[in-house]
Each structure stands twice: as C-alpha cells, then as structure tokens.
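Protein chains in written order, with our numbering: chain A, 358 to 695; chain B, 36 to 480.
Quick reminder that beta carbons are idealized off the backbone N, C-alpha and C, glycines included.
Structure first, commentary second.
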C-alpha cells in the first residue's frame, strides 16, 4: 500500500516534470542559449571555421532561430551529432533543434516521434566515383564496394536501388563523413554514396575535386529539413515560421542590406506583417514583434544563406535547382504570413 | 553464573526487531532490501512512464519487421528483406567469430610472449617486455584504428592487380590476394557435394522461391531444396565426423602404447600408425566428396570467389589479439613464477631437458594459477569486440545496437537486448571455463 502511494507520487512528479520539459521556448529563453544539433562537420552545411566559429547552411537556421527567440544569433550552443546519435539527442532534450541535413520520412515523423518543421534543402541520394574507374552510370556498379554512413536513409535506399536493379554490392559501413572520405580516397571502396549535396560538399574538400565524378543517377528523394521533438507545438511553430520567414523574405526581396529600411514600414502589407510593423504575428508565436526581422538580419534571407554557404560561388558549388523559389521554377515555397 | 538456562520464553515484541541482537541484523537486511527494491522499482517505473509519455510503448514487435539494410559479412543467409531479429543474429555470429578467433590467437601469442619474457636471454626478455608494455598501455581502440588505417592505405587496391603489367600480384602460387579491402584465400569446394540440410525449415515457400530466383543458376537447386532458418553443410558434417572418429581410434592406439609402456617400460613407436589412422580416412572422404580449391579471381570491381576476410575483421581480430595477448603474457609469467623453483630443479635432477620441464612439469601446474584470470581476459576480449564499429565490422553492436536502433528508434529495447546478448555470451564462457577450472584445479584431500 505504502509502496503504491509512493510510486503514485513519483508518477505524478515525473509527469509534471514531463510537462515542464515540454515548454522548450521557456527553457531556451531561461537558458539564454539555443542548443542546436548539427553535423559533425560537412563543409558548407555545418563545420567550424579556422577560428572555431560554426558556419554553414544548417548552422544559419540555428542562428536565425536563436536571433528570433533570444535576440542574439551568437547565443547558440552547437552540438555536433553523428547520424547515429542525432535522434536520441533530440528526443532526450540534449538539443532543442536538430538542423543536420536530416531526411524527412514517415517513420521518423511518426514512429520516432519527431516533428519536421519544413524542408530547407531538396536533395537526393547520389554516387561519387573516381573518374579513373570509368563508370558512367550507377547501374554499372555490379559487385562494387560502396562506402556508406550507417544509420541513414541512404543505407536503406542503397539496398533498395541495388535490389531493384538486380545487381550486387558490398557495403562498407562507416560512422562519419570524414571517415567515409578517408576510406574512399584510400580506395577501400569504389564509390561513396550519400545525399548529392553532401557528395558535392565532400568533393569540395578533396585535393583534386576534378578527379571525381558524381554519377547522374539520383536514387531517392531526400527532403532535408530542421526538426524538433514531437509534442511541443509552440516550439515547432516558432522554428517552422522562422524558416518560412527566411523563405518569404527572399520572395519579397527583403535582404540583409535593405532590412533596416524596410523595417520602418513599406507599402506591401505582407512585408509589414513579416517585419512586425503591422499585425501581431510575433505575439501569436509568443515572441516580440520584430522576431522575423532579427532572424532575417542574422544571416540574410533564404537565398542569401544558400549563396553564402553552398551556392555556385562557394567551393561546394551547388546550383539552386529544386531549391530555387517556386517563382523561379524551384520547390521552395512558404505559406503566407497572414 | 550458569550458561545452561532455558531460552527465555518471553513473547515476541515488535521492539525486539530493533533492540534484540538476534533480530537486529535481519531487520537491517530486510530494510536495505526493501530500499533497493524501491529504488529499482522507481527506475523502472520512471522509464516506463517517460516512454509512454513520449508515445513509445515498450515492445519488441519491431524485431519481426524487414530490416531493409544489407550486411557485408554474413555467416548465414541474409538479405535486406530479412527481419531485424535475423540481422541481430548475423551480428551476433560475427561477434562470436571475432571473439573465438581473437581468444585463440591471443592465447597462443600470450603464452609464447609470457614464456619469452622469462627467458634468460636478455634481448629476448626485454623485447617481450617492450611488447607487453606497449600493447597493454595503449587503448585497444587506437590499435584497431591504426591497423585498419595501415591496411587500407598500404595494401594494394584491387585495381592494381588488373592489366598486363599489374603493380600488385597474388601471393603464394597465385592463391592469396592481399588488398586494402581484405585478404582473399582459396576456399575448399566439393564437386560431389552432399548439399546442405536446413535447420528449422521455413513453411513459407515464397521466401524460398525468392531466394532461388535471386541467386546464381548453380545455387538455385541447392537453395530451392533447403530453405530454413540456416543451413548446415553436410560435407562439413561428414568430414568432421570421420575426422573425430579417427582421432578417437588414434587415442585408443596411444592408450595401448601407454599400457605397454607401463608394463614393459618401453614405449612402442606408434606415431606413424596414429598419423595414418587420422590422415588416410580423412583424405579418402575428401576425395570421395571431390575436394578442390576455389581460387579468388579478379572480376569487375573486386575479387570473386575464395574466402574473403575483410580488412575490418582482420584489423579487429589482430588488434584485439595483440592487445589481449599482452595481458595473457603477464598472467602466464605470473603463473610460471608461482611454481616453486624446486620443481624445475627436481625435473632437472631427473635428467629432463628444459623444454620438456616447461611443458611437462611447470606449465601443467602453472595452468591452475593462470586459468581464473585467463577467463576474465577472454570475457574482456569478447566485450572489447564491440569496438568493431570503429572499423565498420558488423558485429551485434553494429547491427542491433547500430543500424536497427537507428532505423527503428527503439533505443531502450535494442540496448537491453544487446546487453542481454553480451551477458549471455559472457556467462556461457565463464561457466564453461569455470567447469574446466574446477576439473583441473588442485584436488585437496
């Protein structure tokens, strides 16, 4: 009897603890720092520069959220996570937000209890091979040794692709991108497979990038996006609309250069609503009025972030392609700020 | 003052639990046990409540779902459509493989180095000391990674074997190919193979047909015949049983020789007889089965055929063996030094040569000292094999605790299963070894 009362009290205590933990927004504000899970090092997406300052396409999302919520885009604690540890880190509350080129899939969304808040990069799985190998198509890879990061969707896609084409392969499982790069360059595997953007980023770090070719086949859809824990919808909304604000900013021509001027008020009501001079969008999210203005000022709009980190002028050299705005023939589209 | 009073018949009072020394210790133990159980119950309850709150009820149902991923080294039939459970078994077998190989090599090396360390030759004993200190004072993970890096960067790539004037050639009469992806050995094949026998036959014929349709033509018949949880080669059974039977007969011959020696003092020379008894029937069996060697051949991207020992297995095996051997060497040295010097002096006085003194007098006695710590080294090696993921060796930590965990998101269940796997392996090893220890230990009467 006593025991069950004790356990009952503990259950209530842990339940209330669970509810308290659900308020990620309050936690982040109280902490004054956003814990953001990023890749262990993928040039262009998330990697520390020579001074140890994190930069990249995914990092910019973290910074924008920190700017919107805390008001300081440097108030971010970057937690490098491997493909294996990322979901556990998010589920356990070690990070508030995971921006780690993670593919949105049904089982992750539903079964792993994650909440994908949007797509910031439309990707697909590709193969990279040395030019000297003379391979022009992934379908010629029968019997090849393939380096692959374990615990990723690419692992399942790879298996499906080879099975569907009735060819065999030898998987070499590796833990991190850096290890994969080393194995690939040492010739311990014939081809390296991961998301095409990741291949481009990896190739950019090679001594002779021109000696390696990315095969034309894209064997899967890999919509990459930031994600949060399931069940904390307020926090999910904030991250989702921060991303949307960046996308809308590009659409409406709000850039880091003209944001000061536009924040004073414009003729365009949508711009005014995004920048908080009209309506009460910030209040609805539990933030102040110029949350989105800070997020955009943090690293520029969606297009600016893309060009600065992975665009054609960077070593990674990715074309906008599917990741152009819908108005430019791409898939990037934000619901209206209304 | 008398000590022979009747025990007091006073009725039991509650306060006696605390103040009566006869009951006090029991009271304390009961309270401590209750505290422990409450603590454990709180932990379990906390996990259950939080998992339920996260919407992840505790269930092992995912084990029967298709795994969806491939494993490079598989000792039993496995493909991406097999279940997570089967993937775990494949991983477990890989763990056991490297553990058995590691324990064997580590024992031989360890005994050798341990004996060398006691050598009267200064250079040899110093070299052995350097080996021991070097290996046991560096984390085994670093050795694993080092050996892996060394093989993948120094050995030739498969493409180096190609062309009219290749930069690398196969070793030992063109039979062994050493590449940076692993080593290919010739494999034993049988032209009159007896086939395989399926264990736990699978009722779902669809799975069998799917296997058969996917595999190469020559394998179709074999696979279509046998679709079970796993197959056991009848050839292996045939050769094994012949070999063991011959060994037993050979043992009888040896026993008879010992008897004659005991009666007459002269041991008849029987080694050629014993060799013949073992070798001839085995060779005849091999001949009947049509034994031949399948050589590895460069086809496409990689070598095909032969036994493929991946560099990950090689690196893990060698690193674990070298590392554990350093500890075993110290254990062996301690065991030998524990044997009184008088034993070897007595053996010397009887005219026994030093080598035989070691193997007949010192080592058998030293084994009693060596054995218990040796058991824990075997357990250590088995547990250290979970570092396999560092080189991409798909052991049970890599399949069940790695990919399956990641793809299903069942951390609690997979980790508990994984812990149970290692616990069971360790308990089995220690039971067997303890039984052996019990048998060989000094019988005190």
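**OP:** Tell me, to the nearest whole angstrom, how far the beta carbon of residue 361 of chain B is from that of residue 171 of chain B; I am working on the premise that it is less than 8 Å.
**Re:** As a position in the second chain, residue 361 of chain B is number 326, starting the count at 1. As a position in the second chain, residue 171 of chain B is number 136, starting the count at 1. A Cβ-Cβ distance of about 4 Å is found for the pair residue 361 of chain B and residue 171 of chain B, placing them in contact under the 8 Å criterion.
**OP:** Run down chain A in chain order and give the residues with a C-beta less than 7 Å from the C-beta of residue 446 of chain B.
**Re:** The sequence position of residue 446 of chain B within the second chain is 411, counting from 1. In chain order: 445.
Original post:
Is the Cβ-Cβ distance between residue 500 of chain A and residue 337 of chain B less than 8 Å?
Top reply: In the first chain, the residue the question calls residue 500 of chain A occupies position 143. In the second chain, the residue the question calls residue 337 of chain B occupies position 302. Their beta carbons are under 8 Å apart, which means residue 500 of chain A touches residue 337 of chain B by this criterion.
**OP:** Reducing DSSP to helix, strand and coil, say where residue 335 of chain B ends up.
**Re:** In the second chain, counting from the first residue as 1, residue 335 of chain B sits at position 300. Coil.
Subject >> Backbone secondary structure at residue 166 of chain B - three-state DSSP >> reply: Here residue 166 of chain B is taken as the residue at index 131 of the second chain, counted from 1. The answer is helix: DSSP assigns residue 166 of chain B an H, G or I state.
Original post:
Are the beta-carbon atoms belonging to residue 488 of chain A and residue 570 of chain A less than 8 Å from one another?
Top reply: Here residue 488 of chain A refers to the residue found at position 131 of the first chain. Here residue 570 of chain A refers to the residue found at position 213 of the first chain. The answer is yes: Cβ separation under 8 Å.
Original post:
chain A beta carbons: is any one of them nearer than 8 Å to that of residue 91 of chain B?
Top reply: As a working mapping, residue 91 of chain B is identified with position 56 in the second chain. The Cβ of residue 91 of chain B sits closer than 8 Å to at least one Cβ of chain A.
**OP:** Kindly list, in the order they appear in chain A, the residues whose Cβ is closer than 9 Å to that of residue 433 of chain B.
**Re:** As a position in the second chain, residue 433 of chain B is number 398, starting the count at 1. Result: 507, 530.
Subject >> Sheet register partners of residue 59 of chain B (DSSP bridge) >> reply: Start at 1 with the first residue of the second chain, and residue 59 of chain B comes out as number 24. The partner list for residue 59 of chain B (beta bridge, DSSP) is empty, contrary to what the question assumes.
**OP:** Assign residue 60 of chain B to one of two classes, buried (16 or more other C-beta atoms within 10 Å of its C-beta) or exposed (fewer than that).
**Re:** For this step, residue 60 of chain B is matched to residue 25 along the second chain. Per the 10 Å Cβ criterion, exposed.
Original post:
Whose Cβ in chain A lies nearer than 8 Å to the Cβ of residue 136 of chain B?
Top reply: Numbered from its first residue, the second chain carries residue 136 of chain B at position 101. Within chain A, no C-beta atom comes nearer than 8 Å to that of residue 136 of chain B; the closest sits roughly 20 Å away.
Original post:
Taking 8 Å as the CB-CB limit, is residue 205 of chain B close to chain A?
Top reply: Translated into positions along the second chain, residue 205 of chain B becomes position 170. No, residue 205 of chain B does not count as interfacial toward chain A.
**OP:** Would you mind listing the alpha helix (DSSP H) stretches within the segment 502-547 of chain A that are 4+ residues and don't spill past its ends, in chain order?
**Re:** For the segment 502-547 of chain A, whole alpha helix (DSSP H) runs of length 4 or above, ordered along the chain, are 510-521, 534-542.
**OP:** State the start and end residues of the unbroken beta strand (DSSP E) segment that holds residue 394 of chain A.
**Re:** Against the first chain, residue 394 of chain A aligns to sequence position 37. It spans 391-396 - the beta strand (DSSP E) in which residue 394 of chain A sits, taken as one unbroken run.
Original post:
Ordered along the chain, which non-local residues of its own chain (more than five positions away) have a Cβ less than 8 Å from that of residue 524 of chain A?
Top reply: Walking along the first chain from the start, residue 524 of chain A turns up at place 167. Cβ within range, chain order: 496, 498, 499, 500.
**OP:** Kindly indicate which three-state DSSP category residue 592 of chain A falls into: helix, strand or coil?
**Re:** Here residue 592 of chain A corresponds to residue number 235 of the first chain, with the count starting at 1. Three-state DSSP puts residue 592 of chain A in a helix.
**OP:** Evaluate contact between the segment 357-376 of chain B and the segment 325-340 of chain B, counting only Cβ atoms and requiring at least three cross-stretch pairs below 8 Å.
**Re:** Taking a contact to require three or more Cβ pairs closer than 8 Å, the segment 357-376 of chain B and the segment 325-340 of chain B do not qualify as touching.
Subject >> Per-residue burial, residue 331 of chain A [other beta carbons within 10 Å of its own, 16 or more giving buried] >> reply: For residue 331 of chain A there is no data in the structure shown, the boundaries of chain A being 358 and 695.
Original post:
So is residue 341 of chain B buried or exposed if we call it buried at 16+ other beta carbons inside 10 Å?
Top reply: Counted from its first residue, the second chain places residue 341 of chain B at position 306. Residue 341 of chain B comes out buried.
Original post:
Between which two residues does the beta strand (DSSP E) harbouring residue 483 of chain A extend?
Top reply: Here residue 483 of chain A corresponds to residue number 126 of the first chain, with the count starting at 1. Residue 483 of chain A -> beta strand (DSSP E) spans 482-487.
Subject >> Test: residue 54 of chain B CB closer than 8 Å to a CB of chain A >> reply: Here the question's residue 54 of chain B lines up with position 19 in the second chain. The beta-carbon of residue 54 of chain B is placed no less than 8 Å from the nearest beta-carbon of chain A.
Original post:
Along chain A, in chain order, which residues have C-beta atoms closer than 8 Å to that of residue 188 of chain B?
Top reply: Residue 188 of chain B sits at position 153 when you count from the first residue of the second chain. Simply 543.
Original post:
For the candidate residues A:481, A:393, A:469, whose alpha-carbon lies nearest to that of residue 702 of chain A?
Top reply: The requested residue 702 of chain A does not occur in the structure, where chain A is confined to residues 358 to 695.
Original post:
Hey, would you say the C-beta of residue 564 of chain A is under 7 Å away from at least one heavy atom of the ligand GTP?
Top reply: Because no ligand of any kind appears in the structure shown, any question about the ligand GTP cannot be addressed here.
Original post:
Shorter than 8 Å from the beta carbon of residue 482 of chain A to some beta carbon of chain B?
Top reply: Numbered from its first residue, the first chain carries residue 482 of chain A at position 125. Contacts with chain B at 8 Å (Cβ-Cβ) do not include residue 482 of chain A.
**OP:** Kindly indicate which three-state DSSP category residue 695 of chain A falls into: helix, strand or coil?
**Re:** As a first step, residue 695 of chain A is located in the first chain; it is residue number 338 there, counting from the start. DSSP places residue 695 of chain A in coil when its eight states are reduced to three.
**OP:** Compile a chain-ordered list of the residues in the segment 642-654 of chain A whose CB is closer than 8 Å to at least one CB of chain B.
**Re:** Going along the segment 642-654 of chain A in chain order, one finds no residue with a Cβ nearer than 8 Å to chain B.
Original post:
Within this structure, are the beta carbons of residue 510 of chain A and residue 579 of chain A separated by less than 8 Å?
Top reply: Working through the first chain from its first residue, we reach residue 510 of chain A at position 153. Working through the first chain from its first residue, we reach residue 579 of chain A at position 222. Yes. Within cutoff.
**OP:** Quick one: residues in its chain with C-beta nearer than 6 Å to the C-beta of residue 203 of chain B, no 5 flanking neighbours on either side, listed in chain order?
**Re:** What you label residue 203 of chain B is simply residue 168 of the second chain in a count that begins at 1. The answer, listed in chain order, is 191, 195, 196.
**OP:** From the DSSP output, read off the bridge partner residues of residue 267 of chain B.
**Re:** Walking along the second chain from the start, residue 267 of chain B turns up at place 232. Paired residues: B:232.
Original post:
In the structure shown, what three-state DSSP assignment does residue 186 of chain B receive?
Top reply: Here residue 186 of chain B refers to the residue found at position 151 of the second chain. In this structure, residue 186 of chain B counts as helix in the three-state DSSP scheme.
Original post:
Taking the DSSP output, what are the residues bridged to residue 223 of chain B?
Top reply: For the purposes of this step, residue 223 of chain B is taken as the residue at position 188 of the second chain. Paired residues: B:328.
Original post:
For residue 227 of chain B, which residues from the same chain have a beta carbon less than 8 Å from its beta carbon, with the 5 sequence-adjacent residues on both sides left out?
Top reply: Taking the second chain and counting its residues from 1, one reaches residue 227 of chain B at position 192. Excluding residues within five positions, the ones whose Cβ falls inside 8 Å are 323, 324, 325.
Original post:
Is residue 213 of chain B close to chain A, meaning its C-beta is less than 8 Å from at least one C-beta of that chain?
Top reply: The residue given as residue 213 of chain B occupies position 178 in the second chain. With 8 Å as the cut-off, residue 213 of chain B does not count as an interface residue toward chain A.
Original post:
Are the CB atoms of residue 516 of chain A and residue 430 of chain B nearer to each other than 8 Å?
Top reply: Looking up residue 516 of chain A in the first chain gives position 159. Looking up residue 430 of chain B in the second chain gives position 395. Using a Cβ distance threshold of 8 Å, residue 516 of chain A and residue 430 of chain B do not count as a contacting pair.
**OP:** Decide if the segment 138-148 of chain B is in contact with the segment 348-364 of chain B; the criterion is three or more beta carbon pairs, one per stretch, under 8 Å apart.
**Re:** With a cut-off of 8 Å, the segment 348-364 of chain B and the segment 138-148 of chain B count as touching, because enough Cβ pairs lie within range.
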